[in-house]
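Q: Residue numbers (this note's numbering): 5 to 477.
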Amino acid sequence: MTRVLAVTSEIFPLIKTGGLADVTGALPNALAAHDVKATTLVPGYPAVLANLANATSALEIPDLFGGPARVLAGHNDTLNLFALDAPHLYQRPGNPYTGPDGADWPDNARRFAALASIAAWIARGAIAAYQPALVHGHDWQAGLTMAYLRYGGPAPPSVFTVHNLAFQGQFPAGVMPLLGLPDGAFALEGIAHHGQVSYLKAGLQLADRITTVSPNYAQEIQIDANGMGFDGLLRHRGAVLSGIVNGIDDAVWNPRTDSHIAATYTAKTPARRAMNKAALQARFGLTQDAKVPLFGVVSRLSWQKGLDLLLANLPALLGFDAQLVLLGSGEAALETGFMAAQATHPGRIGCVVGYDEPVAHQIQAGSDFILVPSRFEPCGLTQLYAQRYGAVPLVSSVGGLVDTVEDGITGLSFSPVSVEALADALNRAAALFRKPRQLAAIRRAGMAHDVSWREPAAEYAGLYRDLLSSHKA
Ligand code: ADP
């Protein structure tokens with residue numbers, strides 16, 4: 005059995021702001037089939053501590069970045085967890101990264117340095133009877149782990165997975181003294197990035213292996229236009245960079261058993277799926293009509309997701325008698341834009357601004373099409389849920405969307421990411437909707453597409469094995 009210490013700031017079902025949590029929450033279970041036992045270190049946010057069963061204190065730290073802390077070992081149904089209980093850092097309401105005013109917590113540098121330094125401690129055997137063979141960090145919040153491993157003496161090897169290069173954990177150089185790293189770490193070959201400290205860079209520069217969440221995104225980010233300032237570094241480290249596409253947790257996302265939806269169904273019971281469309285129309289106050297195409301969106305509302313292009317296309321969408329439901333939160337301009345559209349076109353457009361897990365499931369089960377017009381997309385999960393739920397994903401041809409949606413086979417895709425190309429794609433979707441046999445074929449192909457963790461977990465397990473054997477050599 006291989007012990008892996010995973011490090012992340014989010015893990016479903018305990019704490020989630022996006023796809024990262026879905027991945028870190030599902031991967032450990034899928035890895036178990038490959039004789040890998042993952043234990044995940046997460047910050048002790050209130051939601052995490054409240055849901056940790058039978059926790060015991062595994063490590064006491066009298067002063068961790070300004071206050072006492074301890075590591076609680078516990079579990080939930082499927083996950084083995086270490087929660088870093090440090091009230092001065094994590095015992096706060098709301099979002100893990102931002103305060104009630106929407107601005108980043110002012111001490112984020114300290115909060116995620118603490119997580120990383122404890123990860124490195126545990127990696128080096130600080131908890132008796134727990135010695136991981138390797139450390140797997142996720143995204144910038146775990147990035148500094150690689151620096152504490154590198155600059156602190158012998159340590160197990162490491163994997164760093166970047167789920168989104170846009171989130172870089174950048175802080176002023178003035179935080180250096182706080183971190184307890186040697187001054188030499190603030191260098192081009194270390195954690196310095198354009199005069200600042202970048203926690204993402206620490207991961208990308210110092211991990212033994214880098215992965216990202218789809219093969220196509222792994223290629224894209226080595227190009228200037230998509231590298232967000234890191235393409236040079238990623239080209240330089242190209243030999244240890246690979247892409248492994250995300251899977252979905254098919255226990256959580258399964259239309260046959262889903263307790264959030266009006267009627268459970270399978271590919272063989274499309275009439276039961278139709279009940280979910282009716283329920284969704286009712287939930288969003290739309291006209292009850294099985295014969296109009298219903299487009300759905302479940303998304304963070306940010307520039308990345310390209311939903312301004314959808315807003316610009318609403319007249320076209322309404323022109324061909326379609327309906328739209330949207331669940332999302334984020335940028336104020338997009339929130340107000342879609343709310344205004346709902347107010348102008350009640351019965352045709354329905355929005356829920358906010359975060360709502362059950363409604364996300366209901367949209368997947370009831371929509372005919374799921375729109376993902378992203379400008380960039382490391383992997384994307386909503387198009388995978390769509391396939392599993394028999395909604396046709398309509399996606400831009402970027403990043404992991406290219407790896408997971410085959411145009412005309414398991415979904416529809418368009419390029420370039422522009423208002424005009426999206427308009428064409430919406431037209432294609434509306435035309436497809438009028439050809440029930442073709443539509444049903446795409447639905448069935450999507451539902452038959454294996455979007456589970458089986459294959460990706462095998463790839464992670466293979467990567468771990470390679471890393472461990474080259475580390476020994
Ligand atoms: P990202 O991680 O960039 O936000 P992904 O497609 O990888 O995008 O993952 C998004 C995840 O977050 C999916 O599980 C999706 O259902 C969920 N999600 C996004 N916005 C909301 C929301 N407003 N309410 C509920 N779930 C949401």
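Note that CB positions come from ideal geometry on N, CA and C, so glycine has one too.
Starting from the Cα of ALA282, find the closest Cα among LEU298, VAL11 and ASP312 and give me that residue.
A: Cα-wise, what sits closest to ALA282 is LEU298.
Q: Grab me the residues of SER218's own chain with a C-beta within less than 7 Å of its C-beta, minus the 5 sequence neighbours each way, in chain order.
A: Only GLY247, VAL249, PRO382, CYS383, GLY403, GLY404 and ASP407 meet the Cβ criterion.
Q: Do you know how far the Cα of ASP470 is from the Cα of ASP39?
A: Approximately 15 Å, taken between the alpha carbons.
Q: Report all residues from its chain with a CB closer than 7 Å to the CB of GLY103; omit the five preceding and five following residues, and keep chain order.
A: Closer than 7 Å at the Cβ level, and outside the excluded window around GLY103, lie TRP109.
Q: Out of LEU68, PRO440 and LEU85, which one is the CA nearest neighbour of PRO274?
A: The option with the nearest alpha carbon to PRO274 is PRO440.
Q: Less than 7 Å between the beta carbons of ALA34 and TRP457, yes or no?
A: For ALA34 and TRP457, yes; Cβs fall inside 7 Å.
Q: Classify ASP169 as helix, strand or coil using the three-state DSSP reduction.
A: Per the sequence shown, the amino acid found at residue 169 is Leu instead of Asp. The answer is coil: DSSP assigns LEU169 none of H, G, I, E or B.
Q: Indicate the three-state DSSP secondary structure (helix, strand or coil) for VAL409 in the structure shown.
A: The answer is coil: DSSP assigns VAL409 none of H, G, I, E or B.
Q: Ends of the beta strand (DSSP E) at GLU64?
A: Its beta strand (DSSP E) spans residues 57 to 65.
Q: Counting pairs of beta carbons, one from the stretch 145 to 160 and one from the stretch 201 to 217, are three or more of them closer than 8 Å?
A: Flag = yes, the stretch 145 to 160 and the stretch 201 to 217 touch.
Q: Specify the secondary structure class of THR12 as computed by DSSP and reduced to three states.
A: Three-state result, THR12: coil.
Q: Mind checking which residues open and close the beta strand (DSSP E) that includes HIS365?
A: Note, HIS365: premise wrong, no beta strand (DSSP E); alpha helix (DSSP H) at 361 to 370.
Q: Closest to VAL179 by C-alpha separation, out of LEU31, LEU472 and GLN200, would be which residue?
A: Checked all of LEU31, LEU472 and GLN200; the closest Cα to VAL179 is GLN200.
Q: Put GLY29 into one of helix, strand or coil per three-state DSSP.
A: Residue state, collapsed to three classes: helix.
Q: What runs of the beta strand (DSSP E), each 3 residues or longer, lie entirely inside the stretch 284 to 334?
A: Runs found: 298 to 305 and 327 to 334.
Q: Go ahead and label ILE227 buried or exposed: buried means 16 or more other beta carbons lie within 10 angstroms of its beta carbon, across all protein chains shown.
A: Classification for ILE227: exposed.
Q: Quick check: what's the CA-CA separation for PRO100 versus GLY207?
A: Each residue's Cα considered, the two are about 20 Å apart.
Q: For the stretch 324 to 338 against the stretch 357 to 364, are there 3 or more C-beta pairs whose distance is under 8 Å?
A: With the cut-off at 8 Å, the stretch 324 to 338 and the stretch 357 to 364 touch.
Q: Let me check you understand the geometry: is the CB of SER333 closer than 6 Å to at least one non-hydrogen atom of the ligand ADP?
A: For the ligand ADP, at least one heavy atom lies less than 6 Å from the Cβ of SER333.
Q: Can you tell me whether ASN99 is helix, strand or coil according to DSSP?
A: Looking at ASN99 - three-state DSSP - the assignment turns out to be coil, as it is neither helix nor strand.
Q: When we look at the beta-carbon of ASP143 and count the other beta-carbons within 10 Å, is it buried (16 or more) or exposed?
A: Counting Cβ neighbours within 10 Å, ASP143 comes out buried, since at least 16 surround it.
Q: Nearest CA to the CA of GLN223: which residue from LEU169, LYS272 and ASP81?
A: Looking at the Cα atoms, LEU169 is the closest of the given residues.
Q: On the CB-based measure, 16 or more other CB atoms within 10 Å of its CB, does ASP428 come out buried or exposed?
A: Classification for ASP428: exposed.
Q: Any heavy atom of the ligand COA closer than 6 Å to the CB of TYR203?
A: Of the ligands one can find in the structure shown, namely the ligand ADP, none is the ligand COA.
Q: What's the gap between the Cα of ALA294 and the Cα of THR28?
A: Taking the straight line from one Cα to the other gives about 37 Å.
Q: Name the residue from GLY341, ALA347 and ILE353 whose alpha carbon lies nearest to the alpha carbon of LEU321.
A: Per the Cα distances, ILE353.
Q: Counting Cβ pairs, one atom from each stretch, are 3 or more of them under 8 Å apart for the stretch 113 to 132 and the stretch 188 to 198?
A: Segments in contact, no.
Q: What I want to know is whether the C-beta of LEU385 ends up closer than 6 Å to one or more non-hydrogen atoms of the ligand ADP.
A: Flag set: Cβ of LEU385 near the ligand ADP.
Q: Should ASP360 be listed as close to the ligand ADP, given that the test is whether its C-beta is under 6 Å from any heavy atom?
A: The answer is yes for ASP360.
Q: ASN220 by DSSP, collapsed to three states: which one?
A: ASN220: helix per DSSP, three-state reduction.
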